[in-house]
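Below is one structure; the comments refer to it alone.
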Amino acid sequence: MIPDRPTADTAVLTASEGPPKGFPSRIALDLAQQSGAVTFVETGTYRGITTRWASSHFEKVYTIERADNLFNTYSASLRSLGNVQPLLGDSRVMLREIIGTLDATPAVFWLDGHWSGGETAGHGDECPLMDELALMSRRTGDMVFIDDARFFLSAPPKPHNPSHWPTIVDVIEVLRAGGNRPFVQVVDDVIISIPDIPVLKKCLIEYAQERADIFWSKCAGIPSGAVTGGVFSRIFHKVQLLLHATENST
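Residue numbers (our numbering): 14 to 263.
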């Protein structure tokens, strides 16, 4: 059974249940606190769940949506929060305007404006990420989170057009443009790029290790925190068996 399309009020209730699913909220807040970031910039509002969460933690929130239907459904309730500015349009245009208003204080960027099928915009122009990052190349102090890392690590699945999507190498190259040397990690399904500052690196590394421990523990059915030595070898062997079984079934 396909559920009815949610209303804006439904989105409010969903958002109030806790941190948004898919967005690494804890590390985003930790890095924001360590860096002094008070502004949150989002591409791809969708139903506004991450936007609402951000409005509770940042002084100013900008969110860009390219799909008219999504913007018309959710923008009014988001604007009513007081510190959220919903914007309709192409992120490659709107980001330029937002960046022009920001001072030198670091900001948190959540880049999730690529096409995801359904009611999202961008079919035929699926991934504006490279242009978004290019616009940010002169800002060296920001925390940048890029959703759907799997689509950059390998070709995105059908019906996506792989020619519209950069590879992870392309993404890293543009992050390092203009002499920038950020510290980059891929954690879960998110590419995270931060300034190469020891206190920020330590924060992100500890988070990445924790998430890796949880991932490998789930693969092997081992309690979190017990992934060491021979345990890791058994996990790796189990993953190999799973991959082998998958290959044989195709």
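Glycine included, every Cβ here is placed at the ideal spot set by N, Cα and C.
Apart from the 5 residues on each side of it in sequence, serine 150 sits with its Cβ closer than 6 Å to the Cβ of Ala190, Gly191 in its chain, given in chain order. Contact annotation: glutamate 145 and asparagine 82 have beta-carbon atoms that are not nearer than 8 Å. Nearest in C-alpha terms to serine 129, of all of Val74, Tyr59, Ala50, Leu91, is Tyr59.
The closest CA to that of asparagine 96, considering only Phe84, Phe36, Ile77, Lys73, is found on Lys73. Distance from valine 200 to serine 206 at the Cβ level is roughly 11 Å; contact not present, criterion being Cβ atoms closer than 8 Å.
Look at the stretch 126–175 and you find these whole runs of beta strand (DSSP E), each 3 residues long or longer: 156–160. In the DSSP assignment, the residues bridged to serine 206 are Val157, Val197. Close CB contacts of leucine 44 within its chain, under the 8 Å cut and outside five residues either way in sequence, are with Ala50, Val121, Met156, Ile207, Leu213, Cys216, Leu217 (chain order). Between the beta-carbon of tryptophan 66 and that of serine 93 there is about 16 Å, and that puts the pair past the 8 Å contact cut. Around the C-beta of threonine 56, 16 or more other C-beta atoms lie within 10 Å, and the residue is accordingly described as buried. Distances from the alpha-carbon of methionine 107 to those of Asp116, Pro141, Gly137 put Pro141 closest.
With 16 or more other Cβ atoms inside 10 Å of its own Cβ, glycine 126 counts as buried. Each residue's CA atom was taken as its position, placing phenylalanine 71 and isoleucine 40 some 14 Å apart. Between valine 184 and phenylalanine 165, the C-beta spacing is below 8 Å. Shown here, tyrosine 87 sits in a helix according to DSSP, grouped into three states. By the CB criterion at 8 Å, leucine 124 and phenylalanine 158 fall inside the cutoff.
Residue state for tryptophan 178 is assigned as coil, using DSSP reduced to three classes.
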